[in-house]
Amino acid sequence: MWPFWVRLIHWGVAGACVYNFWLSDEGEELHRLVGYGASALVFVRLLAGVIAKRPELRLGSMFKALGSIPGEVTKLYRREPLSLTRGHSPLASPVMLGMWACVLGLGLTGWMLEWEAFFGSEGLEELHEFIANGLMVLVGAHLAGLVHESISHRTRAWMGMIDGRKKTD
Ligand code: HEM
Ligand code: HEM
Numbered sequence: 002m003w004p005f006w007v008r009l010i011h012w013g014v015a016g017a018c019v020y021n022f023w024l025s026d027e028g029e030e031l032h033r034l035v036g037y038g039a040s041a042l043v044f045v046r047l048l049a050g051v052i053a054k055r056p057e058l059r060l061g062s063m064f065k066a067l068g069s070i071p072g073e074v075t076k077l078y079r080r081e082p083l084s085l086t087r088g089h090s091p092l093a094s095p096v097m098l099g100m101w102a103c104v105l106g107l108g109l110t111g112w113m114l115e116w117e118a119f120f121g122s123e124g125l126e127e128l129h130e131f132i133a134n135g136l137m138v139l140v141g142a143h144l145a146g147l148v149h150e151s152i153s154h155r156t157r158a159w160m161g162m163i164d165g166r167k168k169t170d
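If you're matching positions, the sequence shown starts at 2 in the numbering used here and goes up one per residue.
As structure tokens, then:
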């Protein structure tokens, strides 16, 4: 269901985010390289989201899923099981799109920090850190969603990006 290359991109992006947020030192060259690498991987994934034929990979399906969010929130409120669609579920879609936007935003603001015009700009540094914190909030929501899906549907949802399989309705 999730092709090998999608899983490879997932773990590359996840590893880069963890490294740059938790492990790298301020101003380190590797921080920049890893950050640009993450942006490049997200760019490839988004490109595939536009040209791929498989519906679960398409960005269009993710945007369409946004329309089902109110219904899903009602189900959550009533403690009913959420939909398990092929591809990302309606509540997962905005989280995924948000994580991709943050990684690209970090690549852009990080790159701008190297421009002479913004060198040492505290405002831009704060914006970069703000996006990084926002990304970590979304990662928290992503992992909470996987735990919720695993419990409510009695499935091992976290395995999706390891063995590529996903339980669907
Ligand atoms: C910093 C950490 C992480 C980031 C930034 C991240 C980001 C993402 C993104 C962007 C997607 C969408 C993938 C795509 O459509 O190509 C995704 C999906 C997924 N991730 Fe993560 N992830 C992280 C950690 C994890 C961890 C630790 C696990 C499991 C142990 C995990 C399991 C999954 C699964 C199962 C999906 C597919 C969900 C679905 O079927 O809708 N992720 N993740
Ligand atoms: C996944 C992508 C990225 C994440 C999660 C991330 C996260 C962060 C965080 C949390 C800080 C603050 C570190 C601290 O103050 O100790 C920081 C600082 C910084 N980042 Fe990134 N970053 C990413 C990508 C990039 C890229 C692509 C560049 C540029 C080429 C870059 C350049 C910088 C610079 C120059 C600083 C130092 C700013 C300062 O002095 O506070 N980052 N980044």
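Note that beta-carbon positions come from the ideal geometry of N, C-alpha and C, so glycine has one too.
Keep in mind that this is a model prediction, so the values were computed, not measured.
For the candidate residues N134, G146 and K167, whose alpha-carbon lies nearest to that of V19? Start at 1 with the first residue of the sequence shown, and residue 19 comes out as number 18. Comparing Cα-Cα distances from V19 to each of N134, G146 and K167, the minimum goes to N134.
Cβ separation of G50 and L58, assumed to be a contact under 8 Å, to the nearest whole Å: Numbered from 1 along the sequence shown, position 49 holds the residue referred to as residue 50. Numbered from 1 along the sequence shown, position 57 holds the residue referred to as residue 58. Yes, G50 and L58 are in contact; Cβ-Cβ is about 6 Å, under 8 Å.
Does ligand 2 have even one heavy atom less than 7 Å from the beta-carbon of L31? Here residue 31 corresponds to residue number 30 of the sequence shown, with the count starting at 1. Not under cutoff, so the answer is no.
Residues in the same chain with beta-carbon distance under 7 Å from I10, minus the five sequence neighbours each way, listed in chain order, please. Position 9 of the sequence shown, counted from the start, is the residue given in the question as residue 10. For I10, where only same-chain residues beyond five positions count, the Cβ hits under 7 Å are L42, V45 and R46.
Taking 7 Å as the limit between beta carbons, can you name the residues of its chain near L147, skipping five residues before and five after? Within the sequence shown, residue 147 is the residue found at index 146, counting from 1. Closer than 7 Å at the Cβ level, and outside the excluded window around L147, lie A158 and W159.
Nearest to S151 (by Cα), restricted to the options A17, L85, L34 and A15: Walking along the sequence shown from the start, residue 151 turns up at place 150. If we check each option's Cα against that of S151, L85 comes out closest.
Is it true that the CB of V96 sits closer than 8 Å to the CB of H143? The count along the sequence shown starts at 1 and reaches residue 143 at position 142. The count along the sequence shown starts at 1 and reaches residue 96 at position 95. Yes, the pair counts as a contact, with Cβ atoms nearer than the cut-off.
Return the chain-ordered list of same chain residues with a C-beta closer than 7 Å to the C-beta of Y37, the five sequence neighbours on each side being excluded. For the purposes of this step, residue 37 is taken as residue 36 along the sequence shown, with counting starting at 1. Closer than 7 Å at the Cβ level, and outside the excluded window around Y37, lie G108.
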